[in-house]
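Presented below is the structure to which this report refers.
Numbering (my numbering), first residue to last: 136 to 566.
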């Protein structure tokens, strides 16, 4: 155990912010459901269509325009007057900035710090949308925040990752982290699909469980073309269950019989968010926190290859659906066929930027204060994106789909925790 403890107890990259976040990039086709799933008889998609229409209201896209090229072209033209367009952008961005700052303040409160700034920003956005109408001029800025700012935040987030720390953790920890990602992704996806959760929401829930919570959902979302509601529901599910498991870990820690380093590895290898990992490992002391961060950052480092692989999976699934004549209207089938002919291996440039930022941080050419400031800025940008997603959440959609996704993540997380306990004993034998 000495070798394993020493390896996990090596200095890890210090946490400079709570990582939660996410990305989505997708334009909904008019008349399509917000969340795709196998629809039971009598179940309509009216609420989903309304949510999609709300999302694009400020862009000038109406339901009928998506199938009318001339209408789309006309809608894409800038509005008369630069000032009016800037005002529309500022309204949405101002709302997201206010919610992000409020979430940061709330995250300083004991107890809420386990939830973290990013999830709090999402929940504040959901609460605003439920309690008061969103201004008609806001959606332009909300869309900008949930897409552009999110990608910029993920790129800057790479400044918190040292690739050397991942290497230093050792091949056994790397293999365990990779195995956990594969296990959780396959198991949660399979359970969710059996519960009739749509394929994209099922995959987001699976990746959020297996990799790194909201950040994984943000990185995977554009690769599988998930929409705003799917992304927001996935983040909310992971946040709530991750918090539940964090509390449970702190309660069972005295009963596990693990050393500090072993308990830290267990927490980092199985919990969802970095904030959850740090909070759960804290009772084990600094050795547990260092071990937990190393195990968790190894999972974070695998986000990029997983995102690439899922992009290929989504493209092949789309082409296969078009070839087999996926259900839908003739117009949507033709559009899907045309899109599939053009589809290739998607390149997530923001993930490439994330790895480039991590490489810069690893070789040390960026001063540590500047890297820390970049990470703080990353969390602010991602919190604004989360607030933008929350302001677009349809609570009726979450009640309909989030409960089933929550059940799948709950069961998958229990199985992942049991796997983590077994891995500790295996690593103990390996010494």
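Heads up, the beta-carbon is just placed ideally off N, CA and C, and yes, glycines get one too.
Out of the options, which has the shortest C-alpha to C-alpha gap to residue i?
i           : options            : result
residue 355 : 371, 336, 372      : 336
residue 314 : 557, 564, 565      : 557
residue 540 : 341, 526, 501      : 341
residue 343 : 331, 330, 322, 329 : 322
residue 533 : 516, 372, 406      : 372
residue 603 : 504, 353, 306, 299 : There is no way to answer for residue 603, as the model of the chain reaches only from 136 to 566.
residue 360 : 243, 346, 449, 393 : 449
residue 493 : 435, 445, 518, 447 : 435
residue 395 : 229, 221, 223, 559 : 559
residue 276 : 255, 316, 521, 549 : 521
residue 423 : 447, 446, 452, 385 : 385
residue 538 : 388, 333, 305      : 333
residue 363 : 282, 514, 517      : 282
residue 546 : 320, 261, 295      : 320
residue 253 : 370, 406, 507, 505 : 370
residue 290 : 506, 535, 455      : 506
residue 366 : 223, 453, 261      : 261
By the 10 Å Cβ neighbour count, where 16 or more other Cβ atoms means buried, how is residue i classified, buried or exposed?
i           : result
residue 324 : buried
residue 498 : exposed
residue 564 : exposed
residue 266 : exposed
residue 552 : buried
residue 479 : Residue placement at residue 479 is poorly supported in this model, since its pLDDT is 41, which falls under 50; the coordinates are not used for a value here.
residue 232 : buried
residue 503 : exposed
residue 211 : Only weak support exists for where residue 211 lies, its pLDDT of 37 falling under 50; the value from the coordinates is given anyway. Exposed: under 16 other Cβ atoms inside 10 Å.
residue 244 : exposed
residue 562 : buried
residue 387 : exposed
residue 412 : buried
residue 518 : buried
residue 555 : buried
Does DSSP classify residue i as helix, strand or coil?
i           : result
residue 500 : coil
residue 546 : helix
residue 555 : helix
residue 437 : coil
residue 407 : coil
residue 359 : coil
residue 392 : coil
residue 332 : coil
residue 247 : coil
residue 538 : helix
residue 266 : helix
residue 305 : coil
residue 225 : helix
residue 272 : coil
residue 515 : helix
According to the Cβ coordinates, are residue i and residue j closer than 8 Å?
i           : j           : result
residue 259 : residue 525 : yes
residue 330 : residue 543 : yes
residue 279 : residue 348 : no
residue 80  : residue 487 : Outside the displayed span of the chain (136 to 566) sits residue 80, for which this structure offers no information.
residue 490 : residue 439 : yes
residue 326 : residue 345 : no
residue 381 : residue 350 : no
residue 516 : residue 374 : no
residue 398 : residue 419 : yes
residue 296 : residue 432 : yes
residue 271 : residue 255 : no
residue 513 : residue 251 : no
Can you tell me the Cα-Cα spacing of residue i and residue j, whole angstroms?
i           : j           : result
residue 225 : residue 235 : 15 Å
residue 379 : residue 308 : 25 Å
residue 408 : residue 402 : 10 Å
residue 368 : residue 263 : 16 Å
residue 523 : residue 392 : 43 Å
residue 293 : residue 510 : 8 Å
residue 426 : residue 300 : 11 Å
residue 160 : residue 302 : Bear in mind that the predicted position of residue 160 carries a pLDDT of just 41, short of 50, making it unreliable; the figure below should be weighed with that in mind. Each residue's Cα considered, the two are about 32 Å apart.
residue 242 : residue 248 : 4 Å
residue 305 : residue 404 : 14 Å
residue 624 : residue 390 : For residue 624 there is no data in the structure shown, the boundaries of the chain being 136 and 566.
residue 311 : residue 229 : 43 Å
residue 196 : residue 274 : Legend: pLDDT at residue 196 = 33, less than 50; position of this residue unreliable, value from coordinates given subsequently. One C-alpha to the other measures close to 12 Å.
residue 400 : residue 406 : 10 Å
residue 429 : residue 357 : 27 Å
residue 446 : residue 485 : 13 Å
residue 269 : residue 421 : 45 Å
residue 527 : residue 444 : 29 Å
residue 535 : residue 548 : 21 Å
residue 328 : residue 240 : 38 Å
residue 550 : residue 318 : 9 Å
residue 221 : residue 455 : 42 Å
With 8 Å set as the bound, which would you pick, yes or no: does the beta-carbon of residue i sit closer than that to a beta-carbon of chain C?
i           : result
residue 313 : Here chain C cannot be found, since the structure has a single protein chain.
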